[in-house]
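K.L.:
Quick one: structure below, then a few questions.
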Amino acid sequence: MDDAMVRILVVGGTGLIGAHVVDVLGERGHAATTVARSARPGVDHVLDLASASVEELRPLLAGHDGVVYAARSDEQRPLRKPIHPVFREDMVEPVVRLFTAARAEGLTRGVIMGSYYTYFDRLHPEWRLPQRHVYIRCRVEQAREARAAAGADLPIAVLELPFVFGRAGDRLPNWAGPLDGWARSRAPLAAPVGGTAATSARNVAEVAVDALEQADGSDIPVADENLTWPDLIARIADAVGRPRRVRRLPAGVVRAAMRSGGVLQALGGKESGINPAHFAGLLLAKLFVDPPSGRPLDAALRETFDEKAGD
């Protein structure tokens, strides 16, 4: 491991994961500069990467050793067809410009916060995930084209992230609100029979800083625990103080519901990054990352769903 101090530009540095990356960099004696779309405490530079040119990015990157891309994309938003150009404009092209500028400024390491769907695409090419889901296609393109722009002297680690629990100030996972409300309600709880890997924002940050210190250019799947959907929903219900039984949804019900969602989107001339017509297959699969770290998620769950955690 390289113990020398490094200076890192963190894009999305006040978001859930980016804020933890900044914290871990500081704890290990490194320097962090933050970039975000809007001004708020902790933001060093306000810039929207969606419109920033290579020439605008180079002065921000000058003097840094590495860069972390931790900006978030919304894969569920329905948009008018065709959506691939829109997703590329949001997810791929800004990252290519960022690492083109980073290469020009002589940076030597980088990290992209990616998705564990690319991990499963490598494991299961027969699932045809990039062909079925525009979001996953763009994640694959993002990693490939960013690395091509960066070149061999700027290795980029792509962290393949599952469900991420935790809190950074008032920043929570974008899906936490609906699950929190459901778990606190009197409505029955039910979930598909599949499952997902899960991790904490803190663990993601530690893995990211490890990769920066080592100038690692690997694809790195990140997971602390593998949980079935019923187990995950039950853990959330426990965290909000309303523990109860979670029923298993029959596979046929899940498939029918997802097909209906796909038909409704198609009738409206819309698509989303994760295609509901094929989403049932993902919900019913065990999207587990092996081996997980084994670090317990209890503290991150409490941070995510305990109303007092942010006080």
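Here the sequence shown stands for residues 0 to 310, where the numbers follow numbering that gives the first Met the number 0. From the three backbone atoms N, C-alpha and C, an ideal C-beta is built for every residue, glycine too.
Kindly provide the ranges of any beta strand (DSSP E) runs that are 3 or more residues long and lie completely inside the stretch 14–84, ordered along the chain.
P.N.:
Listed in chain order, they are 30–35 and 65–68.
K.L.:
State the beta-bridge partners of G109 as determined by DSSP.
P.N.:
Mapped onto the sequence shown, residue 109 falls at position 110. BP columns for G109 point to V66 and I155.
K.L.:
Hey, out of G216, L128 and D305, whose CA is closest to A279's CA?
P.N.:
Taking the sequence shown and counting its residues from 1, one reaches residue 279 at position 280. Of G216, L128 and D305, the residue nearest in Cα terms is L128.
K.L.:
From E125 to V253, what does the alpha carbon distance come to, in whole angstroms?
P.N.:
Sequence index remark: in the sequence shown, residue 125 carries index 126 (1-based). Sequence index remark: in the sequence shown, residue 253 carries index 254 (1-based). Distance between the alpha carbons of E125 and V253 is about 21 Å.
K.L.:
Whole angstroms are fine: how far does the CA of H63 sit from the CA of V268?
P.N.:
Start at 1 with the first residue of the sequence shown, and residue 268 comes out as number 269. Start at 1 with the first residue of the sequence shown, and residue 63 comes out as number 64. The identity of residue 268 in the sequence shown is Gly, whereas the question assumes Val. Taking the straight line from one Cα to the other gives about 45 Å.
K.L.:
Buried or exposed for H132, please, with buried defined as at least 16 other CB atoms from any protein chain shown within 10 angstroms of its CB.
P.N.:
Along the sequence shown, one-based indexing puts residue 132 at 133. H132 should be labelled buried.
K.L.:
Check this for me: beta carbons of V208 and V20, under 9 Å apart or not?
P.N.:
Reading the sequence shown from its first residue, position 209 is the one you call residue 208. Reading the sequence shown from its first residue, position 21 is the one you call residue 20. Closer than 9 Å, so yes.
K.L.:
Considering only residues of the stretch 230–292, which uninterrupted beta strand (DSSP E) runs meet the minimum length of 3 residues and lie entirely inside it, listed in chain order?
P.N.:
245–247
K.L.:
Could you name the residues of the same chain whose beta carbon sits closer than 7 Å to that of D305, not counting the 5 residues immediately before and after it, in chain order?
P.N.:
On the sequence shown, residue 305 is found 306 positions in, with the first residue counted as 1. Cβ within range, chain order: A238.
K.L.:
DSSP three-state label for R6, please.
P.N.:
Position 7 of the sequence shown, counted from the start, is the residue given in the question as residue 6. Strand at R6.
K.L.:
Thinking C-alpha only, which one of L231, L248 and P249 is nearest P242?
P.N.:
Reading the sequence shown from its first residue, position 243 is the one you call residue 242. Nearest C-alpha to P242: L231.
K.L.:
Check whether the Cβ atoms of E212 and R27 lie closer than 9 Å to each other.
P.N.:
As a first step, residue 212 must be located in the sequence shown, where it is residue number 213. As a first step, residue 27 must be located in the sequence shown, where it is residue number 28. Closer than 9 Å, so yes.
K.L.:
Expressed to the nearest angstrom, what Euclidean distance is found between the alpha-carbon atoms of R136 and R39?
P.N.:
Taking the sequence shown and counting its residues from 1, the one referred to as residue 136 is at position 137. Taking the sequence shown and counting its residues from 1, the one referred to as residue 39 is at position 40. Near 33 Å, if we compare the C-alpha coordinates of R39 and R136.
K.L.:
Starting from V163, follow the beta strand (DSSP E) in both directions and report where the run begins and ends.
P.N.:
Start at 1 with the first residue of the sequence shown, and residue 163 comes out as number 164. Taken as a continuous stretch (DSSP letters only), the beta strand (DSSP E) holding V163 covers F162 to F164.
K.L.:
Do V95 and A156 come within 9 Å of each other at the CB atom, strictly closer than that value?
P.N.:
Residue mapping note: residue 156 aligns to position 157 of the sequence shown, counting from 1. Residue mapping note: residue 95 aligns to position 96 of the sequence shown, counting from 1. Not a contact, by the Cβ cut-off of 9 Å.
K.L.:
In its own chain, which residues sit with a C-beta less than 6 Å from the C-beta of E140, not counting the 5 before and 5 after it?
P.N.:
As a working mapping, residue 140 is identified with position 141 in the sequence shown. Excluding sequence neighbours, E140 sits near V91.
K.L.:
Is the stretch 177–195 in contact with the stretch 282–298, if contact means three or more CB pairs nearer than 8 Å?
P.N.:
yes
K.L.:
Using DSSP with H/G/I as helix, E/B as strand and the rest coil, what is D218?
P.N.:
As a position in the sequence shown, residue 218 is number 219, starting the count at 1. If DSSP states are grouped into helix, strand and coil, D218 belongs with the strands.
K.L.:
Do you know how far the Cα of L300 is from the Cα of G150?
P.N.:
Walking along the sequence shown from the start, residue 150 turns up at place 151. Walking along the sequence shown from the start, residue 300 turns up at place 301. Each residue's Cα considered, the two are about 39 Å apart.
K.L.:
If you run the structure through DSSP and keep just helix, strand and coil, what is P295?
P.N.:
As a first step, residue 295 must be located in the sequence shown, where it is residue number 296. DSSP places P295 in coil when its eight states are reduced to three.
K.L.:
Does DSSP classify L226 as helix, strand or coil?
P.N.:
Within the sequence shown, numbered from 1, the residue matching residue 226 stands at position 227. Residue state, collapsed to three classes: strand.
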